[in-house]
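What follows is one structure encoded as structure tokens, with my remarks underneath.
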Amino acid sequence: MSRCLPERRLVHLQAGLGDPRERAHVEACPACAGRLDALTRDLDVLTAVLARGPMPHTRPVPSLRRWRPAAAGAGALALAALLWVEVAVWRAITDVPPSMRPEEASAMLTEVSLALFSPRGYAPAPVDASEDQVDEDTIVCDGADWLVTAGCTPALLAHAEPGRRAGEESP
Amino acid sequence: MGLAQGYEDAVSCHAGRLRRLCQLLLGDRQEAEEVVQEVFVKALESERRQGPPGDWGAWLTRIAVNACRDRRRAGWWQRFRRWSDPIEQVPIVDRGLTPEDAAISSETRRRIWLAFRSLPERQREVFVLRHVEAWSGPEIAAALGLSPGTVKRHLFRAVHRLRVELADTR
Numbered sequence: 022m023s024r025c026l027p028e029r030r031l032v033h034l035q036a037g038l039g040d041p042r043e044r045a046h047v048e049a050c051p052a053c054a055g056r057l058d059a060l061t062r063d064l065d066v067l068t069a070v071l072a073r074g075p076m077p078h079t080r081p082v083p084s085l086r087r088w089r090p091a092a093a094g095a096g097a098l099a100l101a102a103l104l105w106v107e108v109a110v111w112r113a114i115t116d117v118p119p120s121m122r123p124e125e126a127s128a129m130l131t132e133v134s135l136a137l138f139s140p141r142g143y144a145p146a147p148v149d150a151s152e153d154q155v156d157e158d159t160i161v162c163d164g165a166d167w168l169v170t171a172g173c174t175p176a177l178l179a180h181a182e183p184g185r186r187a188g189e190e191s192p
Numbered sequence: 070m071g072l073a074q075g076y077e078d079a080v081s082c083h084a085g086r087l088r089r090l091c092q093l094l095l096g097d098r099q100e101a102e103e104v105v106q107e108v109f110v111k112a113l114e115s116e117r118r119q120g121p122p123g124d125w126g127a128w129l130t131r132i133a134v135n136a137c138r139d140r141r142r143a144g145w146w147q148r149f150r151r152w153s154d155p156i157e158q159v160p161i162v163d164r165g166l167t168p169e170d171a172a173i174s175s176e177t178r179r180r181i182w183l184a185f186r187s188l189p190e191r192q193r194e195v196f197v198l199r200h201v202e203a204w205s206g207p208e209i210a211a212a213l214g215l216s217p218g219t220v221k222r223h224l225f226r227a228v229h230r231l232r233v234e235l236a237d238t239r
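Chains A and B supply the protein sequences, listed in that same order.
Numbering of the first sequence is given in my numbering, commencing with residue 22 and proceeding in unit increments.
Numbering of the second sequence is given in my numbering, commencing with residue 70 and proceeding in unit increments.
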């Protein structure tokens with residue numbers, strides 16, 4: 022072995038874990054012998070400090086310094102969670118109609134203002150009964166939307182069925 | 070009677086050494102004291118069950134190293150609190166040192182301790198067992214359940230890191 026040993030090999034050799042050929046090289050090589058002596062001296066110092074020297078006493082770090090980042094993070098998380106809960110609750114309890122036509126809104130507001138500001142009290146406008154009367158002759162209980170058509174009684178439906186079937190059968 | 074005598078001898082002979090070893094591995098005097106007590110309780114129970122071991126020193130050391138590892142894993146929170154305590158704030162008092170040891174400056178000691186504490190667990194164990202307890206490579210490998218190659222690798226890394234720190238103080 023002619024090349025000088027790397028530090029790794031010297032550490033192993035010093036610890037008694039080396040190869041006999043490496044030891045022979047160190048005995049023959051002044052450079053490696055010097056490096057091994059330096060390593061041994063360093064290890065003596067390290068061992069003296071760690072094995073025989075006084076051990077350091079530790080004392081707690083002031084708690085504020087250690088807890089400040091953790092407290093800040095926890096606070097931010099708590100704030101975010103609180104906001105999330107607030108938004109979720111607000112959405113749950115607020116009933117916003119999905120869509121309202123302008124005339125419906127106007128009618129509702131008119132009723133509200135009448136109820137609030139009328140000196141004689143609120144009296145709903147009389148409903149014209151004739152408007153609500155349904156002329157059975159005009160009701161068409163046939164077609165796609167017969168289910169939602171007001172006044173489609175079973176009799177009318179039964180009346181509509183044969184024609185519908187006939188219409189379906191004719192091409 | 071003979072068993073008890075052997076146990077008492079082992080306690081008086083190895084207590085100081087084990088205390089130092091556990092303190093090196095745990096970095097805390099109080100925890101080290103507790104682990105040493107645990108080790109001797111285990112030793113007493115084992116002696117009653119199976120008789121005294123062939124080599125008290127090696128056997129106790131092996132139990133102590135394993136107990137320290139268990140303690141580190143179990144008490145991570147306590148260890149975090151204590152291990153994070155800065156050494157640099159604490160003076161290392163020199164008392165009863167040999168002239169050679171006294172020649173090492175406080176700054177050098179402080180930096181060596183800091184570097185030693187920053188070593189990974191395995192590197193610390195291997196270094197302590199080799200250079201403080203003077204165990205051989207195969208003994209270390211057997212005690213820690215490592216291959217000889219792994220022991221060499223940990224040893225080199227620990228020595229290299231400590232030497233770098235030592236060189237910076239010169």
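Glycine included, C-beta positions come from ideal geometry on N, C-alpha and C.
Keep in mind that this is a model prediction, so the values were computed, not measured.
Where does residue i sit, in a helix, a strand or coil, going by DSSP?
i: D40 of chain A; result: coil
i: S205 of chain B; result: coil
i: M129 of chain A; result: helix
i: R24 of chain A; result: coil
i: Q158 of chain B; result: With a pLDDT of 47 at Q158 of chain B, under the threshold of 50, the modelled position of that residue is not reliable, and the figure given next carries that caveat. Helix at Q158 of chain B.
i: D245 of chain B; result: This structure does not reach residue 245 of chain B, given that chain B is present from 70 up to 239, and the question cannot be answered.
i: S120 of chain A; result: coil
i: L188 of chain B; result: coil
i: D124 of chain B; result: coil
i: G214 of chain B; result: coil
i: T219 of chain B; result: helix
i: S134 of chain A; result: helix
i: R73 of chain A; result: helix
i: T177 of chain B; result: helix
i: C50 of chain A; result: coil
i: V106 of chain A; result: helix
i: T68 of chain A; result: helix
Taking the alpha-carbon of residue i as reference, which of the options has the nearest alpha-carbon?
i: L213 of chain B; options: B:H229, B:R193, B:A227; result: B:R193
i: C25 of chain A; options: A:A52, A:A36, A:G39, A:D40; result: A:A52
i: V110 of chain B; options: B:Q99, B:D124, B:A79; result: B:A79
i: E28 of chain A; options: B:R141, B:H229, B:Q119, B:T238; result: B:H229
i: E77 of chain B; options: B:A133, B:G126, B:R89, B:S187; result: B:G126
i: V233 of chain B; options: B:I181, B:P122, B:G96, B:S115; result: B:I181
i: R141 of chain B; options: B:L183, B:T177, B:R117, B:V104; result: B:V104
i: D237 of chain B; options: B:E116, B:P207, B:Q99, B:T177; result: B:T177
Is it buried or exposed, residue i, if we count other Cβ atoms within 10 angstroms and call 16 or more buried?
i: C91 of chain B; result: buried
i: P189 of chain B; result: exposed
i: W105 of chain A; result: exposed
i: T130 of chain B; result: buried
i: C82 of chain B; result: exposed
i: P77 of chain A; result: buried
i: P108 of chain A; result: Note that residue 108 of chain A is Val in the sequence shown here, rather than Pro. Answer is exposed; the Cβ neighbour count stays below 16.
i: V133 of chain A; result: exposed
i: A102 of chain A; result: exposed
i: F196 of chain B; result: buried
i: A113 of chain A; result: exposed
i: G85 of chain B; result: exposed
i: A91 of chain A; result: exposed
i: E202 of chain B; result: buried
i: G55 of chain A; result: exposed
i: D97 of chain B; result: buried
i: A143 of chain B; result: exposed
i: E100 of chain B; result: buried
What is the rounded straight-line gap between the Cα of residue i and the Cα of residue j?
i: L215 of chain B; j: I209 of chain B; result: 8 Å
i: L100 of chain A; j: T115 of chain A; result: 22 Å
i: R40 of chain A; j: V108 of chain B; result: First, the residue type needs correcting, since residue 40 of chain A is Asp and not Arg in the sequence shown. Using only the alpha carbons, I get a separation of about 36 Å.
i: E102 of chain B; j: H46 of chain A; result: 46 Å
i: S187 of chain B; j: R226 of chain B; result: 12 Å
i: P123 of chain A; j: L135 of chain A; result: 18 Å
i: S175 of chain B; j: A72 of chain A; result: 15 Å
i: G94 of chain A; j: W111 of chain A; result: 26 Å
i: G120 of chain B; j: R199 of chain B; result: 28 Å
i: S205 of chain B; j: D124 of chain B; result: 15 Å
i: G37 of chain A; j: W88 of chain A; result: 47 Å
i: P217 of chain B; j: R118 of chain B; result: 32 Å
i: S127 of chain A; j: G96 of chain A; result: 47 Å
i: K221 of chain B; j: R138 of chain B; result: 20 Å
i: R42 of chain A; j: R179 of chain B; result: 38 Å
i: S115 of chain B; j: W128 of chain B; result: 11 Å
i: Q106 of chain B; j: A49 of chain A; result: 50 Å
i: R191 of chain B; j: L183 of chain B; result: 16 Å
i: A112 of chain B; j: A136 of chain B; result: 12 Å
i: A211 of chain B; j: T219 of chain B; result: 12 Å
i: G75 of chain B; j: P122 of chain B; result: 10 Å
i: S139 of chain A; j: S120 of chain A; result: 29 Å
i: G74 of chain A; j: D65 of chain A; result: 12 Å
i: R89 of chain B; j: R44 of chain A; result: 33 Å
Give the C-beta separation of residue i and residue j to the nearest angstrom, bearing in mind that I take them to be a contact with Cβ-Cβ under 8 Å.
i: L31 of chain A; j: L60 of chain A; result: 6 Å
i: F185 of chain B; j: L231 of chain B; result: 7 Å
i: D63 of chain A; j: L235 of chain B; result: 6 Å
i: L57 of chain A; j: L34 of chain A; result: 7 Å
i: L87 of chain B; j: A133 of chain B; result: 5 Å
Do we get a CB-CB distance below 7 Å when we pair residue i with the residues of chain C?
i: W128 of chain B; result: In the structure shown, chain C does not exist; the protein chains are A and B.
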